[in-house]
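Here the structure comes first, spelled out in structure tokens, and everything after it is commentary.
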Amino acid sequence: MLYDRLISIPNLTLAWHRLNTGRNFQHKRFFRHLYTSYELGLEKNVEHLHQRLKANWQPTPPERIYVPKSSGLLRPLTMLSVEDQIVYQAVANIVALKVRPRRQAVENRLVFSNCLNSDLNSIHFLQNWKRGYATFKQRMKSLLDQGYRWTTHFDLAAYYDTISHKLLVRIPSPRDGDSETWQKVLQWLPIWTAEHRGVRVDHGIPQGPIASDFLADAFLLPLDKEMSSGPVRYVRYVDDIRLLAKSEEAVREASIRLEMGSRKLGLIPQSEKFAIRSVRKLSDLLGSLPSIIESSLPAGDDDRLSVGKGEKMFAASLKGRPKRINSKSQARFALYRTGRSPRMLGQVLQMFSHHPEHVDAFVAFLSNYAKSKPIATCMRQFLLSGSPYDYVRGQCWHIVARMGDEKLLQTLMSRARFDARNQRRSVALQWGLAAFLMACRRNGLPCERELRYLLNRMSCLGKSLVAELLEASDYEANGLAAKLLTDDSYEAGLAMVSPFIKYGVTPTMMGINSDSLPFQVRNVLATLNMGAEPDPSIDQVGILLSRRFELSAWMKWRRVLGPEYAHALSLLIRADNLYQSSRSDWLRSLNSFNDVLVRELLKHLMSRNLMSEVLLVDRNQKLVRLGSLTAPANPFSTAFPAIGLPLHRCNERRNRLPDSHAYDERTGQRTRYLSVKEQRTHSTQLQTCYAQIVSLLDPLL
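Shown next, in the form of structure tokens:
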């Protein structure tokens, strides 16, 4: 039965990995902290989800975030819960298998967006958009060179919102081959599509997940087939359709066919954008980049632009007096990839309130600055102006929380109270307000009442985002963390896993019985051995290191790590589970494991007179940092360079991650996430390092 395949553990696991590797960065930034924690208990969590899907699993109503568009209206982003995202992607996996032969017939010939990966079992669901878009441009140029100069641009109004659920499930199964499975999906789709506690409808798919990007493309397969023949060339990128011919009459005739085919699918052509014209240049034919590319730009490991190139590109994207953004793709490309520039900063601040649709790119550029009075002034003026865009105000509150001084925070407190009491505020605004109130608290301003008021009214996703903003004191018994942890949803508990490790606390220490927590959270805590000693008959550290770094099995790590074994193991388990899903978080957790390892290793070496005495605690009774212990000129790395230097390089790179420090302390440049190439390099170096430790200690233990 198809439903058994849909809810199978392999398909759910594949769906999970595809969530993590998707390039829908604007959507994923609200969930990254939950992904990393859920991954730790993945095997048990997926098994439990599978069992519930076999019984009577029900979707959870989503949250909605509304992002400004250039028209002044709003584009919705649908925030499904983590497990709803898994099931939704699992549905997309099955649809992809069913439609794959028909998709292959049109991909990179008629359709160039959201193309499936050639490997059916790849954790990367879709090909990189850059490949498809490059082919799209080549196709357009080729047709123009062949004399196809008459064209029309055909666009669909509110495309994602008008997709019929009944027609959508007929795409993979035109003859109702397994109606029971698709009836299940038809029950889920209205819940995923509706507003939180809103009216459920039978059309529309959630915007944000990569599953929707593919399903929206697959929905147009009947139209692709209908338009594939004839003298007119049909080229499509998502819902952006171009018709090209050698005569005006041919384009007009094909346009009528295209409109009728669209209406059969319940779609609405945008008549105000329809116009037939003759073109001479490729730039006139291409127009602006499709919307899918906008959310793909801010990748962590993209190439940076020099300040000079960035300034020229950004200047070229502006037009008019006063200057406004004319080429959105060019402007965003420059903003995401350019470092500090006084010239660009002035332009961005002047345009900030006039281009709310570019707020993500503006904020990415402004993140180059740790402190800036002009930025702080701009944010103050914008927040006090009462902008109607919750999403933009949320971003501004984050900036003020990061760089505002006590005076600025005090000035904006009354505005924050007003926003906090707005019953229609979105999770994006809640998150920004919480960051602002936490900054006020750090500066000694009275805001505890406002903070608790906000937390009491936050959504599940909002509470999970706040959990990572809390400080060590909040994780004491009866603190704010305990209040969030007792919430019925699992999101807040998952968000606390990283702080648990960071602050060395457990639910029991906070006065909470672990058995009362959601099972997803309990699964993660059990994996991390929190609150329980590991099985003494098994050296799990040895198993994990030998598997990940391809080392010979060595089962004496318990002797090396001594009383710190359980703590080191929890860090290593977390790192191992994050290897594929989050490279930067993998490095951070592994570096913490290395921190424990180095301190215990030094104790062994010094006790056997294999190296000179090294201070692990300074004169102020504070731990000497790992970077100092492994520095190239210090005794450890001098005596054992094959061990100390890889560990030092790993620690140095960890310090240059955005989640560790916003700026490189030496160069002042904005820090960057770990790239695939860097991860491979560090893995290779650490493989040698751990092998050297085994070789050194094996005769001694």
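The opening position of the sequence shown corresponds to residue 24 in the numbering used here, with each subsequent residue numbered one higher.
For every residue, glycine included, the Cβ atom is placed at its ideal position computed from N, Cα and C.
- Query: Roughly how many angstroms lie between the CA atoms of Glu249 and Ala298, to the nearest whole one?
  - Reply: If you take the alpha carbons of Glu249 and Ala298, they lie about 22 Å apart.
- Item | Within 7 Å, strictly: CB atoms of His226 and Leu209 | Against a cut-off of 7 Å, the Cβ pair of Leu209 and His226 comes out as no contact.
- Query: Hey, Ala500 and Leu493: beta-carbon distance below 7 Å or not?
  - Reply: The answer is no: Cβ separation not under 7 Å.
- Put His421 into one of helix, strand or coil per three-state DSSP. Reduced to three states, the DSSP call for His421 is helix.
- If we count the other Cβ atoms within 10 Å of its Cβ and call it buried at 16 or more, is Val122 buried or exposed? Burial state of Val122 is buried, judged by a 10 Å Cβ sphere holding 16 or more other Cβ atoms.
- Going by CA-CA distance only, name the one from Lys207, Arg41, Gly95 that's closest to Lys77. With distances taken between Cα atoms, Lys77 lies closest to Lys207.
- Item | Coarse secondary structure for Met24, derived from DSSP in three states | Secondary structure of Met24 (DSSP, three-state): coil.
- Separation of Asn116 from Ser615, as counted between CA atoms: Approximately 36 Å, taken between the alpha carbons.
- Message: For Leu139 and Pro229, what's the separation of their Cα atoms in angstroms?
- Response: Computed Cα separation, rounded: 20 Å.
- Query: Based on the DSSP secondary-structure assignment, which residues constitute the bridge partners of Trp130?
  - Reply: Before going further, note that residue 130 is Glu rather than Trp in the sequence given. Answer by DSSP bridge pairing, in chain order: Val134.
- Query: Which partner residues of Arg87 appear in the DSSP bridge assignment?
  - Reply: Partner(s): Thr101.
- Task: Starting from the C-beta of Thr694, find all residues in its chain whose C-beta is less than 8 Å away, skip the five residues before and the five after it, and write them out in chain order.
- Result: So the list reads Arg679, Leu680, Pro681, Ser683, His684, Ala685, Tyr686, Asp687, once near-sequence residues are dropped.
- For Leu639, the first and last residue of its enclosing alpha helix (DSSP H): It is not in any alpha helix (DSSP H) - Leu639 carries neither H nor E in the DSSP assignment.
- Query: DSSP state of Thr158, grouped into three classes?
  - Reply: For Thr158, the secondary structure class from DSSP, reduced to helix, strand or coil, is helix.
- Task: Pull up the distance between the alpha-carbon of Leu312 and that of Arg355, whole angstroms please.
- Result: Residue placement at Leu312 cannot be trusted, given a pLDDT of 48 that sits under 50; the coordinates are not used to answer.
- Message: Output needed for Leu584: all residues of its chain with C-beta closer than 6 Å, excluding positions within five of it in sequence on either side, in chain order.
- Response: Same-chain partners within the cutoff: Ala591, Glu623.
- Could you tell me whether the segment 694–704 touches the segment 662–669, where touching means 3 or more Cβ pairs closer than 8 Å? No contact exists between the segment 694–704 and the segment 662–669.
- Per DSSP, what kind of secondary structure is Phe177 in: helix, strand or coil? Strand at Phe177.
- Which listed residue (Tyr171, Met533, Ser364) has its alpha carbon closest to that of Gly333: Checked all of Tyr171, Met533, Ser364; the closest Cα to Gly333 is Ser364.
- Message: Let's test the definition: count the other Cβ atoms within 10 Å of the Cβ of His381 and tell me whether it reaches 16, buried, or not, exposed.
- Response: Residue environment analysis places His381 among the buried positions, since at least 16 neighbouring C-beta atoms fall within 10 angstroms of its C-beta.
- Message: Contact between the segment 124–135 and the segment 239–258 is defined here as three or more beta-carbon pairs at a separation below 8 Å; is this criterion met?
- Response: Short answer: they touch.
- Sub-7 Å separation of Leu57 and Ser487 beta-carbons: Contact flag set, yes.
- Message: Contact defined as beta carbons within less than 8 Å: I believe Ala277 pairs with Gly253. What is the distance between those atoms, to the nearest angstrom?
- Response: For Ala277 against Gly253, the beta-carbon gap comes to about 7 Å, under 8 Å, which counts as contact.
- Task: In angstroms with no decimal places, state the Cα-to-Cα distance between Leu143 and Glu282.
- Result: Roughly 34 Å separates the two Cα atoms.
- Query: Can you give, in chain order, each stretch of the alpha helix (DSSP H) that sits fully within the segment 238–268 and has at least 4 residues?
  - Reply: Here the runs fully enclosed are 244–249.
- Contact under 7 Å by Cβ, Leu309 with Leu179: No; because the gap between Cβ atoms is not below 7 Å, this pair is not in contact.
- Message: Looking only at its chain, what residues have a beta carbon closer than 8 Å to the beta carbon of Arg339, apart from the 5 residues adjacent to it on each side?
- Response: Looking at the sequence provided, one finds Ala at residue 339 rather than Arg. The residues are Ser350, Gln353.
- Thinking C-beta only, is Leu166 closer than 7 Å to Arg256? Yes. Within cutoff.
- Task: For Phe159, count neighbouring C-beta atoms within 10 Å of its own C-beta (all shown protein chains included) and say buried if the count is 16 or more, exposed if not.
- Result: Burial call: buried.
- In the DSSP assignment, find the unbroken beta strand (DSSP E) run with Leu299 in it and report its ends. Note on identity: in this sequence residue 299 is Ile, with Leu being the wrong assignment. Unbroken beta strand (DSSP E) run through Ile299: 299–301.
- Query: How many Å lie between Asp324 and Tyr696 at the Cα?
  - Reply: Model confidence at Asp324 stands at a pLDDT of 41, short of 50, so the residue's coordinates are unreliable; what they give is reported in the following sentence. Rounded to the nearest angstrom, the two C-alpha atoms are 6 Å apart.
- Check the C-beta distance from Leu517 over to Tyr61 and give it rounded, since I have them as a contact under 8 Å. The beta-carbon distance between Leu517 and Tyr61, rounded to whole angstroms, is 6 Å. This is short enough to meet the 8 Å contact definition.
- Message: Assuming Thr711 is part of the alpha helix (DSSP H), what are its boundary residues?
- Response: Element bounds for Thr711: 699–720.
- In angstroms with no decimal places, state the Cα-to-Cα distance between Val564 and Thr653. When only Cα atoms are considered, Val564 and Thr653 end up about 22 Å apart.
- Query: With a Cβ-Cβ cutoff of 7 Å, do Pro213 and Arg223 count as a contact?
  - Reply: Cβ atoms of Pro213 and Arg223: closer than 7 Å.
- Item | Rounded C-alpha distance that separates Pro722 from Lys579 | Pro722 and Lys579 have their C-alpha atoms roughly 11 Å apart.
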